[in-house]
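Residue numbers (the numbering used here): 97 to 226.
Even for Gly, the Cβ is constructed at its ideal location relative to N, Cα and C.
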Ligand SMILES: [Zn+2]
Ligand SMILES: [Zn+2]
């Protein structure tokens, strides 16, 4: 593994959240000021291809990278674009039965308004359950 690739892996692990290539580039420059943005993109592609990272595409938002490879879905804030993990443990067995695949690979994005944005945008509170 190259030094650059190890650095990117460490950045994603320690961030504990989903990062865009741009954010990874800025963080990487703090420890490796000479790193080129092309190097970041090349390594992200390689790491995604070999299953080290997950690439998450959302409608209208930037691509994010995820170091969490266990199966999970994402909540995507439609105001700030922030991504959060959501566990859907019941989904894998269901998809497994439906597809006949032992470990079905799925992509689940749920559009929502995150708690921080909900506070800033009054009137968009989720209505209380009856
Ligand atoms: Zn938000
Ligand atoms: Zn995730």
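Q. Is the Cβ-Cβ distance between residue 183 and residue 160 less than 8 Å?
A. Not a contact, by the Cβ cut-off of 8 Å.
Count the C-beta pairs between the region 206-216 and the region 170-190 that are closer than 8 Å, then say yes if the count reaches three, no if not. With the cut-off at 8 Å, the region 206-216 and the region 170-190 touch.
Cβ shell of residue 133 (< 7 Å), same chain only, five flanking positions each side left out: Counting only residues of its own chain and dropping the five nearest sequence neighbours on each side, residue 133 has a CB closer than 7 Å to the CB of 121.
Quiz item: Which value, in whole angstroms, describes the spacing of the CA atoms of residue 102 and residue 178?
Solution: In a straight line, the C-alpha of residue 102 is about 25 Å away from that of residue 178.
- Closest by CA to residue 208, which one among 195, 191, 180, 185? Cα-wise, what sits closest to residue 208 is 180.
So for residue 171, helix, strand or coil by DSSP? Residue 171: strand per DSSP, three-state reduction.
Discussion item. Does residue 150 pass the burial test, meaning 16 or more other C-beta atoms within 10 Å, or should it be called exposed?
Written reply: Result: buried.
task: Report yes if the CB atom of residue 107 is closer than 8 Å to the CB atom of residue 140, and no otherwise.
output: No, these two residues do not count as a Cβ contact at 8 Å.
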